[in-house]
Amino acid sequence: MPKQHTYVLGLNVYDHDVSACLLRDGAIAYAISKERITREKHASGFYKEVVDYCLSAEGITLDDVDLVVRNSYILPVPEMEERMLHQDMPGFLPIAERNEAIKHPLFRSKSDKVVSISHHLAHAYSAFAVSPFKDGVVMIVDGVGNYRADAMESYAEDEASPLARESESYYRFDDTRLECLKKVWMEPARGLLSDEFYNMPGLGALYSRVSTYVFGDWNKCGELMGLAPYGRHEQVGHLLEMKDGKLHVPFWGAENQQPFVLDSGSWDKSPAMRHWEDIAWRVQDDTENVLLARARWLRETAGAKNLCIAGGVALNCVANGRIARESGFENIWIQPAAGDDGIAIGCAYYGWLEVLKQRRSFVMDHAYVGRRYSDAEVAAALQSFLVRIQIDAKRSDNICRDTARLLADQRVIGWFQDRSEFGPRALGNRSLIADPRKAEMKDILNSRVKHRQAFRPFAPIVLAERMKEIFEGEEDSPYMLIAKPVRPEWRDRIPAIVHVDGSARVQSVREETNPMLYRLLKEFEALTDVPVLINTSFNVKGEPIIETPQDAVSCFLTTGIDHLVMHDTLVSKTAMHKVVTPVMTTFGDVATIVSSATQDGSRGGG
């Protein structure tokens, strides 16, 4: 029987946000991050789970895959795997995964069907190859990429050393041809006591350094962006400066001597709070200005009208908003999985276009690329005895209408539909949904479910055709990656999604890409004349966004979510919930109890 499809598997491996993307004939069939499967946020380590997930969802084996393309920003994957044979690297390959990895056919593979590429090159392919543009330019900015010695692109000569690391990369593309115009490198930091990344003089690295300084975690950049509007302007000296087109990172001086230390007490009661707010404002303002200068240079240099953006810094929706409005590009497309999980997409498309020499034919107009869960799987997640006695589950003949009525009555809804989103944003299939018309809904969500810092805003979803009426700016924002000012006449009507600076991180919703979410918004609009809802990720603080029906039920039962909607089933809590859940939580793991009701308790599957 002749082979029906050509498959390419892209992988981001070993360090944070391990992920996989499977292409079927040049289109994304499935993509998943390891954290969604293992429930460990930003999961690192071996990649068996994500490979198995994609293959099982497609109903194929590894033998059916024509090409595998991988990246790790630490080292080229073959070199890294050779080192792992004789060097203990628990951060990249935990002991529990080591034996399984060594036996896996992709580990230390010598097959010509297995290829490794460099980091910013993978980011670039994740952006332009699936964009709606035939030609344009690409901006890649992140914390740290591969060493100069390992970068694969041809680019103009510079004076960087072989041990310098990628910080920024700029490209021109025309159909499948990609040309590197400029790379900005970070030289390694000095000192035996130096945390190299923490001290690197780069745009994304500096933003992460301030995240560590304020929150004690390099990966709290989203929180830092949310804190920035509370800061006083110009109270802190520049942390980033552009001089004659070159980035300058001033010395981190003695004036910044108030870092948050994890054992120093409550973060939000620290006397350093005013200083942290001020430094958050400064690094955000500096970052916006540098990115805007880079974007303008790129447009003028290449004469392009279309811009694609990826890399971790592309998750900064406030900076993205300024680029969209002020850089002069006619069109901007931002990869929804702009961080390192999206590397898997870039690896796959490098394989499809550059290795297999195929044509571009796929546009990523949505991020719903997880596998589908059947109605039977949804029902199975509700079948455990200890679950059934706590819930009332009913099928609805119009679930969007019934949910809209609950939302208008100030209920918090867990919303589980169709295929999960790829990337760090919940885009309406694994979401918590609520009414934005009362400011106190923000506090209700935080106290019952999210348990986030009070300063962090919640994002709105809006009917695409009503977006310009409510939010300023012409640019579309389907992936919640652009912050827009809320028009003054709407701020009092939807106060729960308005940040302290009057902005909101908008997601526009179209019927053709998410018909269920679109219908829900239409039903809510019919009841309230407001085509906007709060949309935040379906999880609690410190956990990844849910993936499976079991995850949804577990989160529902252990938080203050009022109702759970899975497909067309509306789940409510009974009076027994207040009795049973404390017992379940005390004597067992709720997620395990829920999953034990399924056929085999597995989390992957096809």
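According to this note's numbering, the stretch in the sequence shown is residues 24 to 629, in order.
For every residue, glycine included, the Cβ atom is placed at its ideal position computed from N, Cα and C.
Since the structure is predicted, the reported quantities are computational estimates derived from the model, not experimental observations.
- DSSP links residue 209 through a beta bridge to 188.
- Contact between residue 192 and residue 368 fails: their C-beta atoms lie close to 16 Å from each other, not under 8 Å.
- Of 449, 77, 66, 141, the smallest CA-CA separation from residue 97 is found for 141.
- In this chain, residue 338 is not harboured by any alpha helix (DSSP H), its DSSP state being neither H nor E.
- In the same chain as residue 360, and ignoring 5 residues on each side of it, the C-beta atoms closer than 6 Å to its own belong to 445, 446, in chain order.
- In this model, residue 285 and residue 236 are separated by some 11 Å (Cα to Cα).
- Rounded to whole angstroms, the Cβ separation of residue 183 and residue 161 is 20 Å, and the two are not in contact under 8 Å.
- Counting other Cβ atoms within 10 Å of its Cβ, residue 569 reaches 16 or more and is therefore classed as buried.
- Secondary structure of residue 299 (DSSP, three-state): helix.
- Boundaries cannot be given for residue 564, as no beta strand (DSSP E) includes it and DSSP labels it neither H nor E.
- Ranked by Cα distance from residue 312, the first of 328, 265, 457, 454 is 265.
- With contact defined as three or more Cβ pairs closer than 8 Å, the region 224 to 238 and the region 299 to 318 are in contact.
- When DSSP states are grouped into helix, strand and coil, residue 334 belongs to the coil group.
- The beta carbon of residue 594 is closer than 6 Å to those of 414, 416, 587 in its chain, skipping five residues each way along the sequence.
- By the Cβ-count criterion, residue 349 is exposed, with fewer than 16 other Cβ atoms from all chains shown falling within 10 Å of its own Cβ.
- DSSP places residue 490 in the helix class (H, G or I) of the three-state scheme.
- The alpha carbon of residue 138 has as its nearest neighbour, out of 175, 422, 109, 567, the alpha carbon of 175.
- Within the same chain, 249, 250, 253, 523 come within 8 Å of residue 478 by CB-CB distance, once the 5 residues on both sides are set aside.
- In this structure the region 119 to 133 does not lie against the region 200 to 211, because fewer than three pairs of beta carbons, one per stretch, are closer than 8 Å.
- In its chain, beyond the 5 residues on either side, 69, 116, 130 have a beta carbon closer than 7 Å to the beta carbon of residue 124.
- Contact annotation: residue 370 and residue 614 have beta-carbon atoms that are not nearer than 8 Å.
- DSSP lists 330 as the beta-bridge partner residues of residue 355.
- The Cβ-Cβ distance between residue 334 and residue 505 does not fall below 8 Å.
- The shortest C-alpha to C-alpha distance from residue 591 to any of 545, 399, 496, 617 is the one to 399.
- In the DSSP annotation of this structure, residue 230 is not part of any beta strand (DSSP E); the continuous alpha helix (DSSP H) holding it starts and ends at 226 to 238.
- Annotation for residue 401: the continuous alpha helix (DSSP H) segment containing it runs 398 to 403.
- The beta carbon of residue 554 sits closer than 7 Å to those of 485, 486, 489, 544, 548, all from its chain and outside the five residues before and after it, given in chain order.
- Take the alpha-carbon of residue 464 and the one of residue 458: they are about 7 Å apart.
- Distances from the alpha-carbon of residue 81 to those of 48, 35, 134 put 48 closest.
- Going by DSSP, residue 438 is part of the beta strand (DSSP E) stretching over 436 to 439.
- If only complete runs of 3 or more residues are kept, the region 376 to 434 shows the beta strand (DSSP E) at 414 to 418, in order along the chain.
- Per DSSP, the beta-bridge partners of residue 35 are 42, 94.
- With respect to residue 327, residue 195 sits close: the two C-beta atoms are nearer than 8 Å.
- Nearest to residue 571 by C-alpha distance, out of 527, 498, 454, 507, is 454.
- Taking 8 Å as the cut-off, the Cβ atoms of residue 57 and residue 73 count as close.
- Residue pairing by DSSP places residue 30 opposite 47 in a beta bridge.
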